[in-house]
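**Student:**
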Amino acid sequence: MLRYSPFTALLVLAVPVLCGLAGTLLPAFGYLPALGGTSFSVQPFDTLFMQTGIWRSIAQSFFIGLTSTALAVILVAGFVAAWYGTRLFKKVQYLVSPLLSVPHAAAAFGFAFMIAPSGFFARLFSPWLTGWERPLDLLIVNDQLGLALIAGLVVKEVPFLLLVTLAALPQISAIKFSHLTQSLGYGRMAGFLLSTWPPVYRQIRLPIFAVIAYASANVDMAIILGPATPHTLPVRLVGWMNDPDLKMRFMACAGACVQILVTGFALLVWTLIERVTGVVSRKLAAKGNRYTRDWGVRVTASVLMTTSALIVFGGLLVLALWSVSGLWQFPNTLPNNLSLKNWMRALPGLSGPLVTTIIIGGASVAISIIITLACLVREQQTGRSGGNRALWLLYLPLLVPQIGFLFGLQLFLLSVNAIASWTALIFAHVVFVLPYVFLSLSAPWRAFDKRYDSIGAALGASNWRIFWHIRAPMLLRAILAACAVGFAVSIGQYLPTLLIGAGRFPTITTEAVALGSGGNRRIIGIYAFMQMMLPFVGFLLASILPALIFRNRRGITGF
């Protein structure tokens, strides 16, 4: 059975994407017999480009995706260059996993509650510093330029890019490079950026592409933080796809094709930026300047990184506060009173989405971890990892905009009468959970000391017994951590749940985003806080269970 595990992973990752792309492309050119489209035409594109504000929506998606990614990469590169190997850097490392576990929608709500004119920042400095007795009439959240959305994406994507950077640094002996450049008289940042960052960047290039694809085609954060008149292109596409007039689906699929082109063009521009940056860095290195006066830049990098982390944690704290707040008028910093009445009123409606979220997340994680372990065991047996081709396959669902193939996948499932079923929805989540589970577990698995396997084999144990009694127990912490990452990814899935579930499987995420259009901050705080707590519980169990299971076997600490 193990010999078929790589083929199974290929089916799970590639087939839904390819079928979805085909299902999007055909209606985009007018062919969908179920809705009367029996011939090919470009009418859907003509209709799309006649929509009011469509070019602005397209430009916003491109600008937001590229700008937010560039800012996140600059912040991560600057911070790592400034503080790698220091005590501050080690402290920040411990915050990466908690920050990464926060779902995008929860982070967006927390960020909105912090920066809004009546948000916590304004309350904190009013009226004693600002003199404001009432909120200013300013459009900060949902601004026309998408600055709030860009800032929210930067804050949320920095932990992911920092995590993949941390994984890449040991592979290139970054500490040795740092010591070498400093011995040659280079400043800490200049030495790192000129010598260490280029090989690190090559390691994290695919994850950066995935960030561009996500940021340019994001829906849930764009609904909460993004421009409203008009919305970004992905948000408008979801509205057209759910329109009661089924003929709108032709235009929605055409728009999905345009979104794929927008993301592809953003990736093309990014590669041009890479080349220009490479030329500039080589010229700077050839000049021989040491750039030793970098203390101000180093402090700025640490302040920005710390601020981004505080914004996420602060936003989550404000969400929790709103969920139990009574009367909280502006400019009061804290509520007049705290109460659990909000929770008591919300619990009856919360229980259904909560159970659905846990079932989908648990099932998708279970399937993903089985496929991942099977592939890794097969890799161990054959000694072949698949190389760059396997890596591109893993990132395929992350590099193709969700909205670009989920529309087509929805239409395909409709044609085979499989839409809005538990099976379809769970496997739609697996498409996005599996890459994260595999990437989280593959490094600890490959770093495992194979001498333990050899000792087991020398004692006459079979391969399966070695796996269950030696490797699996010793890697239990890493396996559970990968499951926690996958569970967090599943909880944050908005678009797959909405489209493949056809609105019949409300989860904490879909309900939270839907409530975002209302003005009840207390209910929003409850759902967003619950959305944040579920991944936290997953990571907590991943930390506690190995200690409980092996409490009498101190030699097994996990990797």
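Counting from -3, one number per residue, gives the positions in the sequence shown under my numbering. Heads up, the beta-carbon is just placed ideally off N, CA and C, and yes, glycines get one too.
#1: Would you decide whether E270 is buried or exposed? Buried here means 16 or more other CB atoms lie within 10 Å of its CB.
#2: So for G322, helix, strand or coil by DSSP?
#3: Could you pull the DSSP bridge partners for G33 from this structure?
#4: Check whether the Cβ atoms of Q403 and A248 sit closer than 8 Å, and answer yes or no.
#5: In whole angstroms, what is the alpha-carbon distance linking V88 and Q199?
#6: Would you call the segment 500 to 515 and the segment 441 to 450 touching, i.e. three or more CB-CB distances under 8 Å?
#7: CA-CA distance, R83 and L372?
#8: When you compare only the Cα positions, how much space is there between R467 and D449?
#9: Can you list, in chain order, the residues of its chain whose CB lies under 6 Å from that of G554, leaving out five sequence neighbours each side?
#10: What residues in its chain sit with their C-beta under 6 Å from that of P131, if we drop five residues either side in the sequence?
#11: Do N214 and P230 have their C-beta atoms within less than 8 Å of each other?
#12: Could you tell me if F3 is buried or exposed, where buried requires 16 or more neighbouring beta carbons within 10 angstroms of its beta carbon?
#13: Specify the secondary structure class of L544 as computed by DSSP and reduced to three states.
#14: Going by the DSSP bridge assignment, what does L334 pair with across the sheet?
#15: So what's S169 in DSSP terms, helix, strand or just coil?
#16: With 16 other CB atoms within 10 Å as the buried threshold, where does G400 fall?
#17: Where do the ends of the alpha helix (DSSP H) carrying A424 lie?
#18: For the alpha helix (DSSP H) containing V272, list its first residue and its last residue.
#19: Could you give the DSSP three-state label for L134: helix, strand or coil?
#20: For A252 versus A439, is the C-beta distance shorter than 8 Å?
#21: Just verifying my parser: in three-state terms, what is the DSSP assignment at F555?
#22: Nearest by alpha-carbon distance to F434: which of A480, R461 and T419 is it?
#23: Assign D449 to one of three DSSP states: helix, strand, or coil.
#24: Considering only residues of the same chain and omitting the five flanking positions on each side of V429, which have a CB-CB separation below 7 Å?
#25: Measure how close the beta-carbons of I462 and L437 come, nearest whole angstrom, since I'm counting them as under 8 Å.
#26: Look up W128 in the DSSP assignment and say whether it is helix, strand or coil.
#27: Is it buried or exposed for M580, if we count other Cβ within 10 angstroms and need 16 for buried?
#28: Flag this pair as touching only if the segment 183 to 196 and the segment 284 to 294 have three or more C-beta atom pairs under 8 Å; answer yes or no.
#29: Please return the same chain residues whose Cβ sits closer than 8 Å to the Cβ of A224, not counting the five positions on each side in sequence.
#30: Between T63 and the rest of its own chain, which residues show a CB-CB distance below 7 Å, the 5 nearest in sequence each way excluded?
#31: Considering only residues of the same chain and omitting the five flanking positions on each side of L91, which have a CB-CB separation below 7 Å?
#32: Evaluate the contact criterion for the segment 512 to 529 versus the segment 313 to 328: three or more CB pairs, one atom per stretch, below 8 Å.
#33: Just the Cα atoms here: how many angstroms apart are V8 and F423?
#34: Taking V426 as the reference, which of M470, I451 and I366 has the closest Cα?
#35: Can you tell which of T126, K243, F41 and L369 has the C-alpha that lies nearest to the C-alpha of A30?
#36: Measuring CA to CA, which of P469, Q376 and L233 is closest to P397?
**Tutor:** Considering the structure as presented:
#1: Here residue 270 is taken as the residue at index 274 of the sequence shown, counted from 1. Answer is exposed; the Cβ neighbour count stays below 16.
#2: Residue numbering aside, residue 322 sits at position 326 when the sequence shown is read from its first letter. Coil at G322, not helix or strand.
#3: For the purposes of this step, residue 33 is identified with residue 37 of the sequence shown, where counting begins at 1. DSSP lists L28 as partners of G33.
#4: Numbered from 1 along the sequence shown, position 407 holds the residue referred to as residue 403. Numbered from 1 along the sequence shown, position 252 holds the residue referred to as residue 248. The sequence shown places Phe at residue 403, rather than the Gln named in the question. For the pair F403 and A248, the CB atoms are nearer than the 8 Å cut-off.
#5: As a position in the sequence shown, residue 88 is number 92, starting the count at 1. As a position in the sequence shown, residue 199 is number 203, starting the count at 1. When only Cα atoms are considered, V88 and Q199 end up about 21 Å apart.
#6: The answer is no - the segment 441 to 450 does not touch the segment 500 to 515, with fewer than three Cβ pairs under 8 Å.
#7: Taking the first residue of the sequence shown as 1, we reach residue 83 at position 87. Taking the first residue of the sequence shown as 1, we reach residue 372 at position 376. Rounded to whole angstroms, R83 to L372 spans 35 Å at the Cα level.
#8: As a working mapping, residue 467 is identified with position 471 in the sequence shown. As a working mapping, residue 449 is identified with position 453 in the sequence shown. Those two C-alpha atoms are separated by around 7 Å.
#9: On the sequence shown, residue 554 is found 558 positions in, with the first residue counted as 1. Residue confidence is low: G554 scores 49 on pLDDT, short of 50, so the model does not pin down where it sits. No coordinate-derived value is stated.
#10: Along the sequence shown, read from residue 1 onward, the residue named residue 131 stands at position 135. Cβ within range, chain order: P113, S114 and F326.
#11: Sequence index remark: in the sequence shown, residue 214 carries index 218 (1-based). Sequence index remark: in the sequence shown, residue 230 carries index 234 (1-based). Against a cut-off of 8 Å, the Cβ pair of P230 and N214 comes out as a contact.
#12: Here the question's residue 3 lines up with position 7 in the sequence shown. Residue burial is scored here from C-beta neighbours: F3 has fewer than 16 other C-beta atoms within 10 angstroms and is therefore classed as exposed.
#13: Position 548 of the sequence shown, counted from the first residue, corresponds to residue 544. Here L544 sits in helix by DSSP.
#14: The sequence position of residue 334 within the sequence shown is 338, counting from 1. In the DSSP assignment, the residues bridged to L334 are S321.
#15: Stepping through the sequence shown from its first residue, residue 169 is reached at position 173. In the structure shown, S169 sits in coil (DSSP, three-state: anything other than H, G, I, E or B).
#16: By 1-based counting over the sequence shown, the position of residue 400 is 404. So G400 counts as buried.
#17: Translated into positions along the sequence shown, residue 424 becomes position 428. Taken as a continuous stretch (DSSP letters only), the alpha helix (DSSP H) holding A424 covers W418 to A443.
#18: Numbered from its first residue, the sequence shown carries residue 272 at position 276. Where V272 is concerned, the enclosing alpha helix (DSSP H) starts and stops at M244 to K283.
#19: The residue labelled residue 134 in the question sits at position 138 within the sequence shown. Looking at L134 - three-state DSSP - the assignment turns out to be coil, as it is neither helix nor strand.
#20: On the sequence shown, residue 252 is found 256 positions in, with the first residue counted as 1. On the sequence shown, residue 439 is found 443 positions in, with the first residue counted as 1. Taking 8 Å as the cut-off, the beta carbon of A252 is found no closer than this to the beta carbon of A439.
#21: Sequence index remark: in the sequence shown, residue 555 carries index 559 (1-based). Per-residue confidence for F555 stands at a pLDDT of 46, beneath the threshold of 50, marking its modelled position as unreliable; the derived number appears in the next sentence. Reduced to three states, the DSSP call for F555 is coil.
#22: By 1-based counting over the sequence shown, the position of residue 434 is 438. In terms of Cα proximity to F434, the closest of A480, R461 and T419 is A480.
#23: Looking up residue 449 in the sequence shown gives position 453. D449 falls in the helix class under three-state DSSP.
#24: Within the sequence shown, residue 429 is the residue found at index 433, counting from 1. Here the set comprises S360, V361, S364, G482, V485 and S486.
#25: One-based indexing of the sequence shown puts residue 462 at position 466. One-based indexing of the sequence shown puts residue 437 at position 441. Contact flag wrong, Cβ pair sits at about 18 Å.
#26: The count along the sequence shown starts at 1 and reaches residue 128 at position 132. The answer is coil: DSSP assigns W128 none of H, G, I, E or B.
#27: A question about residue 580 goes unanswered here, because the residues of the chain that appear run from -3 up to 555.
#28: Verdict: yes, contact present.
#29: Locating residue 224 in the sequence shown gives position 228, where the first residue counts as 1. Within the same chain, and ignoring the five residues on either side of A224 in sequence, the residues whose Cβ sits closer than 8 Å to its Cβ are N138.
#30: As a first step, residue 63 is located in the sequence shown; it is residue number 67 there, counting from the start. Cβ within range, chain order: I146.
#31: As a position in the sequence shown, residue 91 is number 95, starting the count at 1. Closer than 7 Å at Cβ, skipping near neighbours: A305.
#32: Taking a cut-off of 8 Å for Cβ pairs, the segment 512 to 529 and the segment 313 to 328 touch, as three or more such pairs fall below it.
#33: Reading the sequence shown from its first residue, position 12 is the one you call residue 8. Reading the sequence shown from its first residue, position 427 is the one you call residue 423. Pairing V8 with F423, the inter-Cα distance amounts to about 8 Å.
#34: By 1-based counting over the sequence shown, the position of residue 426 is 430. Of the candidates M470, I451 and I366, the one whose C-alpha sits nearest the C-alpha of V426 is I366.
#35: As a first step, residue 30 must be located in the sequence shown, where it is residue number 34. When only C-alpha atoms are compared, the closest one is K243.
#36: As a working mapping, residue 397 is identified with position 401 in the sequence shown. P397 has its Cα closest to that of L233, out of P469, Q376 and L233.
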